[in-house]
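In UniProt numbering, the protein residues as written are 1 to 274.
Note that the Cβ used here is the ideal one computed from N, Cα and C, for glycine as well.
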């Protein structure tokens with residue numbers, strides 16, 4: 001009979017944020033696949049779990065996946081964890097989950113801490129719809145395209161960013177958004193130096209530029225949605241004006257929505273201002 005793979009969330013900082021269910025599962029499985037076994041061993045020591053750790057990360061994922069699936073297919077009970085938080089969120093693991101499903105191995109979530117959801121919850125930004133961008137490309141045209149996408153997003157957008165790149169990201173983003181476009185910087189969530197600050201992008205840029213401590217640790221940036229019309233680039237705004245010259249407002253809004261993928265009602269309201 002096949003075993004089970006448990007996808008287990010671990011704390012993102014405060015070690016007391018592990019669930020009782022996670023403690024039980026980690027203590028009972030045959031092995032734990034961990035992104036960095038040295039890092040995870042410190043957590044295991046803290047919670048008193050002696051289960052064997054197996055290294056599973058970006059560089060050995062292809063090789064290690066069939067090995068783990070074979071063990072599970074033969075009856076092992078295994079757990080997958082990341083360095084912190086919920087596995088697979090900007091971390092390796094989805095290939096293992098897919099391979100287990102394809103092999104008929106049961107995959108069970110053991111939910112818990114997540115930097116993504118923790119940041120959204122305290123950001124003060126609209127949370128009815130949101131987009132997770134993960135880590136942006138580090139440089140070049142791909143990074144520029146990602147910044148343009150952020151600037152035009154009409155939903156709250158969450159970004160993970162490396163501390164040494166956060167200042168350059170804010171410097172590049174500030175000129176692309178409206179002066180009142182808000183961003184919440186969440187740093188070191190649940191840890192000793194936890195910081196959450198919300199304000200216009202330019203204000204957050206000035207604060208991070210003046211205080212190098214805000215360029216340290218784990219960061220989640222939560223960018224508020226673009227206002228009406230801000231989600232359109234200059235080419236689309238020109239198209240909007242041209243459509244209005246030839247068509248009724250409702251028809252123009254329908255065509256513009258089909259072209260941009262934005263909500264027709266929001267575009268209708270924007271077109272009324274032109």
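query	result
Beta-bridge partners of residue 186, as assigned by DSSP	196 and 220
Residue 122 at chain D interface by Cβ criterion, 9 Å	Absent from the structure: chain D. Only one protein chain is present.
Cβ pair residue 162, residue 227 closer than 9 Å	no
Residue 107 versus residue 132 - alpha carbon distance	24 Å
Straight-line Cα distance separating residue 55 from residue 15	21 Å
Where the beta strand (DSSP E) through residue 181 begins and ends	No beta strand (DSSP E) contains residue 181, which DSSP labels as neither H nor E.
Burial state of residue 128, where buried means 16 or more other Cβ atoms lie within 10 Å	exposed
8 Å contact criterion, which residue 119 and residue 11 should meet: CB distance rounded	15 Å between Cβ atoms; not a contact.
Exposed unless 16 or more other CB atoms sit within 10 angstroms - verdict on residue 209	exposed
Closest by C-alpha distance to residue 196, when choosing among 214, 38 and 89	214
Short Cβ contact (9 Å threshold) for residue 223 with residue 181	yes
Neighbourhood of residue 274 by C-beta distance below 7 Å, restricted to the same chain and skipping five residues each side	240, 241 and 244
Close Cβ partners of residue 250 (< 6 Å) along its chain, the five nearest in sequence each way excluded	none
At least 3 beta-carbon pairs within less than 8 Å: the stretch 86-100 vs the stretch 142-152	no
Nearest neighbour of residue 201, chosen from 72, 172, 188 and 263 [CA to CA]	172
One or two residues paired with residue 65 in a DSSP bridge	DSSP, once it has assigned bridges, lists no residue as partnering residue 65.
Residues near residue 271 in its chain [Cβ-Cβ closer than 7 Å; skip 5 each side]	240, 244, 249, 252 and 253
Of the residues 37, 6 and 40, the one placed nearest residue 30, counting alpha carbons only	6
Same chain, Cβ closer than 8 Å to residue 57, five either side skipped, listed in chain order	35, 36 and 92
Environment of residue 126 [buried if 16+ CB atoms lie within 10 Å]	exposed
Among 2, 13 and 9, the one whose alpha carbon lies nearest that of residue 187	13
Residue range of the unbroken beta strand (DSSP E) whose run includes residue 53	52-55
Endpoints, the beta strand (DSSP E) within which residue 5 is located	4-8
Cross-strand partners of residue 77 (DSSP beta bridge)	4
Outcome for residue 246 when other beta-carbon atoms lying within 10 angstroms are tallied against a minimum of 16	exposed
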